[in-house]
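The structure under discussion appears below in the form of structure tokens.
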Amino acid sequence: MRKIKKSKTPISDTEVPTQIKNPELVRERRRQIIDSTVTLFIEHGYHKTTTRMIAKAANFSIGSLYEYVSSKEDLLYLVCKTIHEEVWDAVENALSDTDKEKERLAQVIRHYFYVCDKMGDHILMMYQVTQFLPEKWKVRVLVNELNITDIFINALSSLSGKNNFPKLDEKILNLVGHNISVLGQMWAFRRWHLQRNFTIEEYIKIQTNFILGLIF
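In the working numbering, the protein residues as written are 42 to 257.
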């Protein structure tokens, strides 16, 4: 039985170099920069947003900004890393909430969908502008996207065959993992329409029943 692998890497990691030595400070400041960047990219578009605009929105000087990131491409990648971290933390917390396997999966779905609701702008922006990334970042974004799905596949694997939870083969594990990932992101992509008919709670309940129906 697979266990959930500790694959999360903090957004202060060395993939995006920084001149600052304090990892916690890097983490805090980068999150501040990332949130400002998402707002600007959505409002003005990727190409029209300058690093000077980002620095001003995040209350940094342009020189201070470059101590934490070197380009807009760096920021796009860090957005993807941030989403992955949020999902990892949500799933990890959900799995510790209860000992009942079916309820644990429902909690995983609920926590993840709340992340998609909270970070809807980040998710939407990530998909809109990834095409502008250099090839090496595109590849890493794709890997991070699959890593998010792997979180659900590994969570399902850890529950598979326990007590009253059905034993799932690799194909079903993979399919259900991707279903969870995509249905959560659908709220981010289509919330402009979905919110006319559903609250996030209603959406979670309906989609959770659908996902559980694939298993039980």
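Note that the Cβ used here is the ideal one computed from N, Cα and C, for glycine as well.
Kindly list the residues whose CB is nearer than 7 Å to the CB of residue i, restricted to its own chain and excluding five residues on each side of it in sequence; keep chain order.
i, result
"Tyr-109", "Thr-59, Ile-61, Val-67, Arg-70, Arg-71 and Ile-74"
"Phe-206", "Glu-142, Lys-143 and Leu-200"
"Lys-179", "Thr-171"
Using a threshold of 7 Å, state whether the C-beta atoms of residue i and residue j are closer than that.
i, j, result
"Ile-241", "Asp-158", "yes"
"Leu-81", "Thr-92", "no"
"Val-156", "Thr-171", "no"
"Met-167", "Cys-121", "yes"
"Val-149", "Ile-189", "no"
"Ile-164", "Ala-98", "no"
"Asp-115", "Val-79", "no"
Suppose the cutoff is 6 Å on Cβ atoms and the five residues either side in sequence are ignored; what does the same chain contact list for residue i look like?
i, result
"Lys-203", "Glu-142"
Can you name, in chain order, every residue of its own chain whose Cβ lies under 8 Å from the Cβ of residue i, other than the five neighbours on each side?
i, result
"Leu-216", "Leu-255"
"His-88", "Phe-173"
"Val-132", "Ile-45, Val-149, His-152, Tyr-153, Ile-192, Phe-193 and Ala-196"
Mind reading off the beta-carbon distance from residue i to residue j? Whole number of angstroms is fine, and I expect it under 8 Å.
i, j, result
"Tyr-153", "Ile-221", "7 Å"
"Gly-218", "Leu-197", "6 Å"
"Leu-253", "Tyr-244", "That belief does not hold up - the Cβ atoms of Leu-253 and Tyr-244 are roughly 15 Å apart, past 8 Å."
Any idea what DSSP makes of residue i, helix, strand or coil?
i, result
"Asp-138", "coil"
"Gly-202", "coil"
"Arg-237", "coil"
"Gln-60", "coil"
For a test of your reading of the model: does the CB of residue i fall under 6 Å from any non-hydrogen atom of the ligand GTP? Yes or no.
i, result
"Arg-93", "This structure does not include the ligand GTP; it has no bound ligands of any sort."
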